[in-house]
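Contents: one structure, followed by commentary.
Residue numbers (this note's numbering): 223 to 288.
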């Protein structure tokens, strides 16, 4: 399972959405729109899942399978 995070341009910080996905779901749903409440600026951001920062247990990478 991978944790899904995004970058808040207003606060210039990344945040974790609390959502976890497996690699297969991430790739199949990459064009899905995701709404997430940002803890840094307090707004709700909308992103494509493909733009997510995905955290795996061994490293952090942007939007692609290790």
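Positions of the beta carbon are idealized from the N, C-alpha and C atoms, including for glycine.
First through last residue of the alpha helix (DSSP H) which encompasses residue i
i: residue 245; result: 245-250
Range covered by the beta strand (DSSP E) that runs through residue i
i: residue 257; result: 255-259
i: residue 230; result: 224-230
i: residue 270; result: 266-270
Whole-angstrom C-beta distance between residue j and residue i, which should lie under 8 Å
i: residue 337; j: residue 248; result: What is shown of the chain runs 223 to 288, which leaves residue 337 out entirely.
i: residue 223; j: residue 244; result: 6 Å
Sequence-distant residues of the same chain with beta carbon closer than 6 Å to residue i, five excluded per side
i: residue 266; result: 257, 259
i: residue 232; result: 263
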